[in-house]
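**Student:** The structure that follows is given in the form of structure tokens.
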Amino acid sequence: MLELYRAIADCNPNSKNMVASVLDGEAFGQKALFSDETLICETNESGYFSEHGEVVLKAAGDKDQCRKGLITLDGSRIFCDWLGQEIHLVICGAGHVSIPVIQIGRMMGCEVTVLEDRPQFADNARRAGAEKVICEPFEQGLRQVEGGSNTYFIIVTRGHRYDQTCLELIAGKKHAYIGMIGSRLRVAKVKEAALLNGCDKAVIEQVYSPIGLNINAETPVEIGVSIMAEIIEVKNKKMRLSGYSKDILHTILNPEEKAGRNVLVTIVARKGSAPRDVGTKMLVTPDGRCIGTIGGGCMESEVIQKALHMLHSEDEKILLSHVDMTGVDAEEEGMVCGGVIDVLLEVV
Numbered sequence: 001m002l003e004l005y006r007a008i009a010d011c012n013p014n015s016k017n018m019v020a021s022v023l024d025g026e027a028f029g030q031k032a033l034f035s036d037e038t039l040i041c042e043t044n045e046s047g048y049f050s051e052h053g054e055v056v057l058k059a060a061g062d063k064d065q066c067r068k069g070l071i072t073l074d075g076s077r078i079f080c081d082w083l084g085q086e087i088h089l090v091i092c093g094a095g096h097v098s099i100p101v102i103q104i105g106r107m108m109g110c111e112v113t114v115l116e117d118r119p120q121f122a123d124n125a126r127r128a129g130a131e132k133v134i135c136e137p138f139e140q141g142l143r144q145v146e147g148g149s150n151t152y153f154i155i156v157t158r159g160h161r162y163d164q165t166c167l168e169l170i171a172g173k174k175h176a177y178i179g180m181i182g183s184r185l186r187v188a189k190v191k192e193a194a195l196l197n198g199c200d201k202a203v204i205e206q207v208y209s210p211i212g213l214n215i216n217a218e219t220p221v222e223i224g225v226s227i228m229a230e231i232i233e234v235k236n237k238k239m240r241l242s243g244y245s246k247d248i249l250h251t252i253l254n255p256e257e258k259a260g261r262n263v264l265v266t267i268v269a270r271k272g273s274a275p276r277d278v279g280t281k282m283l284v285t286p287d288g289r290c291i292g293t294i295g296g297g298c299m300e301s302e303v304i305q306k307a308l309h310m311l312h313s314e315d316e317k318i319l320l321s322h323v324d325m326t327g328v329d330a331e332e333e334g335m336v337c338g339g340v341i342d343v344l345l346e347v348v
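Terminal number for the sequence shown in UniProt numbering: 348, no gaps in between.
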């Protein structure tokens, strides 16, 4: 089983990665990792996914069948977990607006890289919690940033000449979002110059500017909130993909942890107004600590108790649990969201 999670941790984030889990039948609990339609590894020597992998991939690629992550093969349900990436925020500039963006980004679990050529401001970004701060001229700094399908670029420098340098370099990188602060006139001039210097017109036309959702923000904190709200909106307009967070994988693969000392919880089906989507994960440790959340409240507490029971059981290594957050009992317990979820609990 650990081999699978090592392979997940080593996946190319820009590849199309999927973990398939059998939810019932004779192969219940078997899992496999596919990357770019290639079987990377599976957890059982029976070769279930070696035999059925092509059929699973074909069905999982059907948007209608895979809308909620579930497909059916020979009477067995299979959860197809298309893996997303953690958001990588790349912030050009470390002025007053950048600080709340850094802080909110870290609260959301984003990886945060800041580029700033002024040492004092670079130190401010470090104190705000940025994981990586490149204190070099923007041109040199951006050459160290690869970009990717889950990279969100935020241009909030102190002047339009720096904006232009950043935009022209970023436009050539793979990205999920480019946002740039500034007045309409300033932004228009920067975009025009970028086009004259050979930037792709389609990319420049998709730049979000004025940056942030229109909430009449005035203070740096309010502007930071509007920027992060826009990024959340852009992220969620795409297919909502959940992955295995760095914290979850680190705990599972930590050599100091013994195998079978944690329970991985994954939402595999959802109906109604349940708070979290399919693919959402939470790791429960033996002391009841949780890494991640599947929605909180009494519903999560119930699942945690089942996970702890599994950790104290010699036999129960995998469980598919149905949680109903509708009806009188749920209302009395404070499950105000309603809805129904199925969660897969696996000892790892």
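Using N, Cα and C, we set each Cβ at its ideal position, and we do this for glycine too.
Quick one: residues in its chain with C-beta nearer than 6 Å to the C-beta of residue 145, no 5 flanking neighbours on either side, listed in chain order?
**Tutor:** Hits under 6 Å: 90.
**Student:** According to DSSP, is residue 42 helix, strand or coil?
**Tutor:** Three-state DSSP puts residue 42 in a strand.
**Student:** Quick one: give me the first and last residue of the alpha helix (DSSP H) that residue 163 is part of.
**Tutor:** First-last of the alpha helix (DSSP H) with residue 163: 160 to 170.
**Student:** In chain order, which beta strand (DSSP E) runs of at least 3 residues are fully inside the UniProt domain "XdhC- CoxI" (261 to 315)?
**Tutor:** For the UniProt domain "XdhC- CoxI" (261 to 315), whole beta strand (DSSP E) runs of length 3 or above, ordered along the chain, are 263 to 271, 281 to 284.
**Student:** What number of angstroms, rounded off, separates the C-alpha of residue 49 from the C-alpha of residue 205?
**Tutor:** Rounded to the nearest angstrom, the two C-alpha atoms are 44 Å apart.
**Student:** When burial is assigned at 16 or more other CB atoms within 10 Å of the CB, is residue 412 buried or exposed?
**Tutor:** This structure gives no information on residue 412, because the portion of the chain shown stretches from 1 to 348.
**Student:** Can you grab the Cα-Cα spacing for the pair residue 283 / residue 140, in whole Å?
**Tutor:** Approximately 40 Å between the Cα atoms of the pair.
**Student:** With contact counted as at least three CB pairs below 8 Å, one residue from each stretch, are the region 76 to 83 and the region 12 to 30 in contact?
**Tutor:** The answer is yes - the region 12 to 30 touches the region 76 to 83, with three or more Cβ pairs under 8 Å.
**Student:** Taking 8 Å as the threshold, find out whether the region 108 to 128 comes into contact with the region 92 to 100 through three or more Cβ pairs.
**Tutor:** At 8 Å Cβ cutoff, the stretches touch.
**Student:** Could you check the C-alpha separation between residue 12 and residue 85 for me, to the nearest Å?
**Tutor:** When rounded, the distance between both Cα atoms is 10 Å.
**Student:** Roughly how many angstroms lie between the CA atoms of residue 88 and residue 183, to the nearest whole one?
**Tutor:** Computed Cα separation, rounded: 26 Å.
**Student:** Starting from residue 105, follow the beta strand (DSSP E) in both directions and report where the run begins and ends.
**Tutor:** Per DSSP, residue 105 belongs to no beta strand (DSSP E); it is in the alpha helix (DSSP H), 98 to 107.
**Student:** Applying the criterion that 16 or more other CB atoms from any shown protein chain within 10 Å of the CB defines a buried residue, is residue 124 buried or exposed?
**Tutor:** Buried, since its Cβ has 16 or more Cβ neighbours within 10 Å.
**Student:** Relative to the C-alpha of residue 230, which residue among 299, 209, 163, 272 is closest?
**Tutor:** Comparing Cα-Cα distances from residue 230 to each of 299, 209, 163, 272, the minimum goes to 209.
**Student:** Roughly how many whole angstroms lie between the Cα atoms of residue 200 and residue 243?
**Tutor:** For residue 200 and residue 243, the distance between alpha carbons rounds to 31 Å.
**Student:** Kindly give me the distance between the Cβ atoms of residue 264 and residue 348, rounded to whole angstroms, as I take these residues to be in contact under 8 Å.
**Tutor:** Going by Cβ atoms, the distance from residue 264 to residue 348 rounds to 5 Å, so yes, they are a contact pair.
**Student:** Decide if residue 168 is buried, meaning its Cβ has at least 16 other Cβ atoms within 10 Å, or exposed.
**Tutor:** The residue in question, residue 168, is buried, as its Cβ has 16 or more Cβ neighbours within 10 Å.
**Student:** From what residue to what residue does the alpha helix (DSSP H) around residue 77 run?
**Tutor:** That residue, residue 77, is in no alpha helix (DSSP H); its beta strand (DSSP E) goes 76 to 82.
**Student:** Using only CA atoms, which one of 196, 154, 166 lies nearest to residue 178?
**Tutor:** With distances taken between Cα atoms, residue 178 lies closest to 154.
**Student:** What is the DSSP secondary structure of residue 55, counted as helix, strand or coil?
**Tutor:** DSSP places residue 55 in helix when its eight states are reduced to three.
**Student:** For residue 317 and residue 157, I'd like the C-alpha separation in whole angstroms.
**Tutor:** Those two C-alpha atoms are separated by around 52 Å.
**Student:** Of the choices 310, 207, 247, 83, whose alpha-carbon is the least far from that of residue 293?
**Tutor:** Considering only alpha carbons, the answer is 247.
**Student:** Do residue 149 and residue 174 have their C-beta atoms within less than 8 Å of each other?
**Tutor:** Going by C-beta atoms, residue 149 is nearer than 8 Å to residue 174.
**Student:** I'd like to know whether the C-beta atoms of residue 306 and residue 249 end up nearer to each other than 8 Å.
**Tutor:** No, the Cβ-Cβ distance between residue 306 and residue 249 is not below 8 Å.
**Student:** Compute the Euclidean distance between the alpha carbons of residue 235 and residue 228, then round it to the nearest angstrom.
**Tutor:** The straight-line gap from Cα to Cα measures roughly 10 Å.
**Student:** With distances taken Cα to Cα, identify the nearest neighbour of residue 286 among 101, 261, 26.
**Tutor:** If we check each option's Cα against that of residue 286, 261 comes out closest.
**Student:** Since residue 278 and residue 291 are thought to touch, with beta carbons under 8 Å apart, how far apart are those beta carbons, to the nearest angstrom?
**Tutor:** Residue 278 to residue 291, Cβ: 19 Å. No contact.
**Student:** Given a cut-off of 8 Å on the beta-carbon distance, is the pair residue 225 and residue 137 in contact?
**Tutor:** No, the pair does not count as a contact, with Cβ atoms beyond the cut-off.
**Student:** Taking the C-alpha atoms as reference points, what is the distance between residue 321 and residue 315?
**Tutor:** Their Cα atoms are separated by approximately 16 Å.
**Student:** Rank 70, 55, 30, 14 by C-alpha distance to the C-alpha of residue 43 and give the top, closest one.
**Tutor:** Per the Cα distances, 30.
**Student:** At what residues does the beta strand (DSSP E) containing residue 180 begin and finish?
**Tutor:** 177 to 180 is the span of the beta strand (DSSP E), which, as asked, contains residue 180.
**Student:** My guess is that residue 355 and residue 207 are in contact by the Cβ rule of under 8 Å, so how many angstroms apart are they, rounded?
**Tutor:** Only positions 1 to 348 of the chain appear in this structure, which leaves residue 355 out of reach.
**Student:** According to DSSP, is residue 244 part of a helix, a strand, or is it coil?
**Tutor:** The answer is coil: DSSP assigns residue 244 none of H, G, I, E or B.
**Student:** Does the Cβ of residue 272 have 16 or more other Cβ atoms within 10 Å, making it buried, or fewer, making it exposed?
**Tutor:** Burial call: exposed.
**Student:** Please state whether DSSP places residue 94 in a helix, a strand or coil.
**Tutor:** Note: residue 94 maps to coil in three-state DSSP.
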